[in-house]
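Presented below is the structure to which this report refers.
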Amino acid sequence: MTAQVFSRHIETYSLWKAQVAKEIRAYRLWLRRNNLFTPEGDMRLYQLLETLRSDYVTIAFAGEFSRGKTELINAIFFSGFGQRILPSQAGRTTMCPTELFYDRETRTSYLRLLPIETRLTDIPIADYRGMPGQWVEIPLMADNPSEMARVMMSLTETKVVPVADAVKLGFKEELLDESENEPGKVEIPAWRHALVSFPHPLLQQGLCILDTPGLNALGSEPELTLSLLPQAQAVVFVMAADQGVTASDMAIWNEHVASLKDRPNLGLYAVLNKVDTLWDELDSRKKIEKALSRVVRATSRQLELKESDIVPVSAKQGLLAKVRDDQALLLRSHILELEKLLSDAVLGYRRQALWESVIEECAAHVENSLQLLNTRREQLLSQKHDLENLQESNVEALTGMVQKAQKLHEEFKRKQTALTPTQRLMDRQSNILQGIISNEVISQLIERTQGRLMNARTTVGLVRAMREFFTEIDAIIGELSHQADLSNRMAESVYRKFENEFGLQRIEPRLLPARGFRRRLHEFIHDADELSRLMQIALNFESLAVRRFFTTTVAQITEFLQAVRRELHSWGQNALAPLSQQLASQKLTVEQHLQQLQNMQRTGATAAGRIKALNTLVMDLDGEAAQAAQMLETLRSPPPEDEDSNVVAFSRAWQR
Ligand SMILES: Nc1nc2c(ncn2[C@@H]2O[C@H](COP(=O)(O)OP(=O)(O)OP(=O)(O)O)[C@@H](O)[C@H]2O)c(=O)[nH]1
Ligand SMILES: [Mg+2]
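Going left to right, the sequence shown walks through residues 1 to 656 as the UniProt record's numbering numbers them.
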C-alpha cells in the first residue's frame, strides 16, 4: 500500500541492521571456535553491536510559527490513529520542542515535560535527560487515541508571568503576547522541552521525530541549533505555499538551518505546505501546478536549495485523505512524495553512518582473521610436508623434527616477549594523547573562560571571551591531531618492523582518525561561532543567555571529547592486537604439532595417523574460512532498498 512508504523503508532498514548484528554475533562465536578470541577484541565487537542496537534515526521539523509542522507530523507518521494526535488545530501552537520516540530502556509510554523555570539553571537539556525527577510525567495510553490527544494538549500550555521574569527566562519582550486578563504580564510557554515515548511501530524501530515550535524557540534554546538539529538525519524546513519565503522564514533559515546544508550525513529539505489554499475551483489544475512550480523555483533561489529538495504539499489534506482512505486526495496532497524523499534520505544517511562507524571496522576485523587462518593453513601444510618425508619409524628424523618444532616454539615465545615493550610504548603514547584532552586541562580552560565571561562588560567582550575559548580548544585539538599523526606513524613502523624482522604477514594497523577529530570540532565551532555572532546581532546577548549558550557549548564539547577519549583508549588497547594475535595463532599451531610429534616419539606411532589428522584440520579450516568469507560478504552487501535510493551512493562510504 502506498500509504506505508515510511513503515516499509524503516522495516527494511531494521531487517538489514538485524542481519548485520547477527553476522557480528556469529563472528564472535567463530573467533572463539578458531582460538582467535581476545578479551579486548571481543569487547570492541560488543561495543559495535551496542552502537547498532542504540541506533536512532531522527527527522526534525523546523520553521516559523503556524506553517503546519505539527500537522505534517500527524499526517506522515500518525494518521493510523484516525485523528490528530499532536495538537495542530487552529490556535494550538506547539509551545516547546517535542521529541517523539520509544524509550527502549523503560519500555513505557509517557509524556515528560521539563518546566520552563529550569532555564534559570545552567544545566543543559542533555543533562536533564538523565534526571527523570526534574520532569513532570504523565502516563500515556497508546491504545486510546482520543485520550492520547487530550494529554498531548499539554504541549500547548502557557503561563502568565511578569515581563521581567519572562526576560530572565530568555524571552524577548517584543515577541510575547500580553495577557488578556492580567495587564502588564505576558504569556510564556509552560514547558521548556517535552519527551514523548509510546510503542508506535515506527518509533519502536528506532525512529525519533523532533517537532520544534516557531516563535523564537530556536533563538532561546541554543541546544536545538547546536545539537538537536545537526544530529538529525533529515531536517525539514516548513513554509506556507501561499506566502512563499517570508522575511521571518528567511531569518530562521539563515540563523538556524542554512548551515546544515553542507553537513555530511544530513539531508535538508524545504516544504511548501498548505498547497490546498491555492486550489481553486475556477482555476484549472494545470494553472495551479504552474503557479506552484513558480513558487518552488523562487524558493530554490532564495534558500539556495535544489528544486528537487523542495516539496509542495498539503499536510491537512494528506491527513484527511489517509484517515478517509481517499486515494485521489492523497495523490493531490503530494504527501507521499515527501515521505519517499525523507525515508530514502534518512535511511541512506543513517546506513552510511553505520557503515563508517561499525561495518568497515568489523569487516577489517574479519579480513584480518581470514589472513590468520591462511597463515595457519600454510603452517599445517608445511608440517604435513615434513611428515610425508619422514621414513617409516625413522627415530632420528623424528627427533630432528621435534627439535625443529621446539626451536620454532621458542622463537615465537621470544617474538611474543618482544611485543611487550612495544605494547608499553603504545600505552604511553595513548596516555599522552588522552592527557592532551584530560578532564583537568579542559576544566581549567572552562574555568578561565567563565572568569572572562564574568568580567566582560560589553556584548563585544562576551563574544570575544567565547571566541577565545574556541581558539584555545582548537589549539588543543590541533596538538591532539599532531600527536595522533605521530602515533599512527609509530604504529605503522612497528607493524613494518614485525613484518620484516619476524616474517609476519603484512597487515595494516588500525589508524586514528587524526584529521577527523579536527574536522568534527571545526564543524561544531563553526555553528557555535555563527550562532554567537547572530545572537550578538540580535542584541539578545544578555548575560543569562550567554551563560546558557556557554554551558550548552561546553556540554557539547565535553561530550565530543569524552567520545574522543574513548576512541583513544580503545585504540591504545587494540593497536597491536592483530600482531599479537598472529603470533599467538602461529605459536599455538606449532605447540599442537610439537605435542603430537612428542606423542609419536613416546608411542612409536607412524606418521600416517598424524598426516590424516592434519588433512582433517586443513579441511575444517577451509570450512571455517569459507564461513568467514561469507560473513564478510554479508556484512558488505548493500541493503536491498539501496538500488532504488537516489539519495546516497553507498559506494561513497569506501572513498572516505
Ligand atoms: N489549509 C491548510 N491548513 C493547514 C495545513 N497544515 C496546517 N494547517 C493549519 O495551519 C495551522 C498551523 O498548523 P500547525 O501544524 O499547528 O503549525 P506549526 O508549524 O506546528 O505551528 P507552531 O506549532 O505554532 O510552530 C493550523 O490551523 C492547521 O490546521 C494545510 O496543509 N492546509
Ligand atoms: Mg506545531
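Just so it is clear, CB atoms sit at the ideal spot from N, CA and C, and this is done for glycine as well.
### Message
In chain order, what are the residue ranges of uninterrupted beta strand (DSSP E) at least 3 long that sit wholly in the region 52-77?
### Response
57-63
### Task
Give every residue of the same chain whose Cβ lies closer than 8 Å to the Cβ of Leu268, excluding the five residues on either side of it in the sequence, and list them in chain order.
On the sequence shown, position 268 is the one that residue 268 refers to. Cβ neighbours of Leu268 beyond the five flanking positions: Ala234, Val235, Phe237, Val257, Leu260, Lys261, Leu305 and Asp309.
### Task
Would you identify the three-state DSSP class for Lys168, choosing helix, strand or coil?
Counted from its first residue, the sequence shown places residue 168 at position 168. Helix at Lys168.
### Task
Tell me, please, which residues DSSP counts as bridged to His193.
Here residue 193 refers to the residue found at position 193 of the sequence shown. In the DSSP output, where bridge partners are listed per residue, His193 has Leu114.
### Message
Tell me which residues share the same chain as Glu307 and place their Cβ nearer than 6 Å to its Cβ, disregarding the 5 neighbours each side in the sequence.
### Response
As a first step, residue 307 is located in the sequence shown; it is residue number 307 there, counting from the start. Within the same chain, Glu307 has close Cβ partners Val296 and Ser300.
### Message
I need the straight-line Cα distance from Leu113 to Glu137, nearest angstrom please.
### Response
Stepping through the sequence shown from its first residue, residue 113 is reached at position 113. Stepping through the sequence shown from its first residue, residue 137 is reached at position 137. Approximately 6 Å between the Cα atoms of the pair.
### Query
Just how far apart, CA to CA, sit Asn540 and Lys172?
One-based indexing of the sequence shown puts residue 540 at position 540. One-based indexing of the sequence shown puts residue 172 at position 172. In this prediction, Asn540 scores a pLDDT of 48, lower than 50, which makes its location untrustworthy; the coordinate-derived value is nonetheless stated afterwards. When rounded, the distance between both Cα atoms is 8 Å.
#### Entry: Euclidean distance between Cα positions of Ile10 and Leu202
Taking the sequence shown and counting its residues from 1, one reaches residue 10 at position 10. Taking the sequence shown and counting its residues from 1, one reaches residue 202 at position 202. In a straight line, the C-alpha of Ile10 is about 7 Å away from that of Leu202.
### Message
Taking the beta strand (DSSP E) that Ala240 belongs to, which residues open and close that run?
### Response
Taking the sequence shown and counting its residues from 1, one reaches residue 240 at position 240. Here the beta strand (DSSP E) through Ala240 covers Ala234 to Ala240.
### Task
Kindly examine ligand 1 and report whether one of its heavy atoms sits closer than 7 Å to the Cβ of Ala475.
The residue you call residue 475 lines up with position 475 of the sequence shown. Every heavy atom of ligand 1 is 7 Å or more from the Cβ of Ala475, so no.
### Query
Are the beta-carbon atoms of Gly63 and Asp249 separated by less than 8 Å?
Reading the sequence shown from its first residue, position 63 is the one you call residue 63. Reading the sequence shown from its first residue, position 249 is the one you call residue 249. It is a contact, given that the beta carbons lie within the stated cut-off.
#### Entry: Stretch-stretch touch, CB-based, cutoff 8 Å, three pairs: the region 449-461 with the region 620-638
no
### Euclidean distance between Cα positions of Ile437 and Thr108
Against the sequence shown, residue 437 aligns to sequence position 437. Against the sequence shown, residue 108 aligns to sequence position 108. Each residue's Cα considered, the two are about 38 Å apart.
### Query
When every heavy atom of ligand 2 is checked, does at least one fall within less than 7 Å of the C-beta of Thr158?
What you label residue 158 is simply residue 158 of the sequence shown in a count that begins at 1. Result no, Cβ not under 7 Å from ligand 2.
### Query
Measuring CB to CB, does Gly82 end up less than 8 Å from Val323?
On the sequence shown, residue 82 is found 82 positions in, with the first residue counted as 1. On the sequence shown, residue 323 is found 323 positions in, with the first residue counted as 1. Taking 8 Å as the Cβ cut-off, Gly82 and Val323 qualify as a contacting pair.
### Query
Is there contact here, the region 493-502 with the region 566-573, by at least three beta-carbon pairs under 8 Å?
Segments in contact, no.
### Query
When we look at the beta-carbon of Lys17 and count the other beta-carbons within 10 Å, is it buried (16 or more) or exposed?
Here the question's residue 17 lines up with position 17 in the sequence shown. So Lys17 ends up on the buried side.
### Buried versus exposed call for Ile59 [16 or more other C-beta atoms within 10 Å across all chains shown]
As a first step, residue 59 must be located in the sequence shown, where it is residue number 59. Buried, since its Cβ has 16 or more Cβ neighbours within 10 Å.
#### Entry: Spatial distance of Leu210 from Pro230 (CA atoms)
Working through the sequence shown from its first residue, we reach residue 210 at position 210. Working through the sequence shown from its first residue, we reach residue 230 at position 230. Using only the alpha carbons, I get a separation of about 12 Å.
### Query
Hey, which unbroken runs of the alpha helix (DSSP H) at 4 residues or more fall wholly within the region 16-46?
none
### Task
Just tell me which of Leu462, Leu511, Arg467 and Arg464 has its CA closest to the CA of Ser481.
As a position in the sequence shown, residue 481 is number 481, starting the count at 1. When only C-alpha atoms are compared, the closest one is Leu511.
### Query
Less than 7 Å between the CB of Pro145 and some heavy atom of ligand 1, yes or no?
By one-based count along the sequence shown, residue 145 stands at place 145. No - ligand 1 has no heavy atom lying nearer than 7 Å to the Cβ of Pro145.
### Task
Reducing DSSP to helix, strand and coil, say where Lys159 ends up.
Residue mapping note: residue 159 aligns to position 159 of the sequence shown, counting from 1. Lys159: strand per DSSP, three-state reduction.
### Query
Should Trp355 go down as buried or exposed, given a rule of 16 or more other Cβ atoms within 10 Å for buried?
One-based indexing of the sequence shown puts residue 355 at position 355. Buried.
### Query
Would you say the beta carbon of Phe237 comes nearer than 7 Å to a heavy atom of ligand 1?
As a working mapping, residue 237 is identified with position 237 in the sequence shown. Phe237 Cβ: outside cutoff for every heavy atom of ligand 1.
### Message
Given the structure, does Ser154 come close to ligand 4, in the sense that its CB is under 7 Å from one of the ligand's heavy atoms?
### Response
Only ligand 1 and ligand 2 can be found as ligands here, which leaves ligand 4 out of the picture.
### Identified DSSP bridge partners for Ala270
If you number the sequence shown from 1, residue 270 lands on position 270. Bridge partners of Ala270: Phe237 and Ile310.
### Task
Output the boundary residues of the beta strand (DSSP E) element that contains Cys208.
One-based indexing of the sequence shown puts residue 208 at position 208. It spans Leu207 to Asp211 - the beta strand (DSSP E) in which Cys208 sits, taken as one unbroken run.
### Message
Can you tell me whether His193 is buried or exposed? The criterion is at least 16 other CB atoms within 10 Å of its CB, across all chains shown.
### Response
As a working note, residue 193 is residue 193 in the sequence shown. Flag for His193 reads buried.
### Query
Between the region 369-389 and the region 31-42, do at least 3 Cβ pairs fall closer than 8 Å?
yes
### Query
Over what stretch of residues does the beta strand (DSSP E) that includes Ile138 continue unbroken?
Counting from one through the sequence shown, the residue named residue 138 turns up at place 138. Where Ile138 is concerned, the enclosing beta strand (DSSP E) stretches over Val136 to Pro139.
### Query
Who's in the neighbourhood of ligand 2, going by beta-carbon under 7 Å from any heavy atom, listed in chain order?
Lys69, Thr70, Ser88, Thr93, Thr94, Asp211 and Pro213
### Task
Say yes only if the C-beta of Ala62 is nearer than 7 Å to one or more non-hydrogen atoms of ligand 1, and no if none qualify.
Translated into the one-based positions of the sequence shown, residue 62 becomes position 62. Result no, Cβ not under 7 Å from ligand 1.
### Query
Can you tell me whether Ser54 is buried or exposed, with buried defined as 16 or more other CB within 10 angstroms of its CB?
The residue given as residue 54 occupies position 54 in the sequence shown. When all chains shown are included, Ser54 counts as exposed.
### Query
Between Phe517 and ligand 1, is the CB less than 7 Å from at least one heavy atom?
Reading the sequence shown from its first residue, position 517 is the one you call residue 517. Not a single heavy atom of ligand 1 lies less than 7 Å from the C-beta of Phe517.
### Query
Using the C-alpha atoms, what's the distance from Met426 back to Gln501?
Here residue 501 is taken as the residue at index 501 of the sequence shown, counted from 1. Here residue 426 is taken as the residue at index 426 of the sequence shown, counted from 1. A small correction: the amino acid at residue 501 is Glu; Gln does not occupy that position in the sequence shown. C-alpha separation (whole angstroms): 19 Å.
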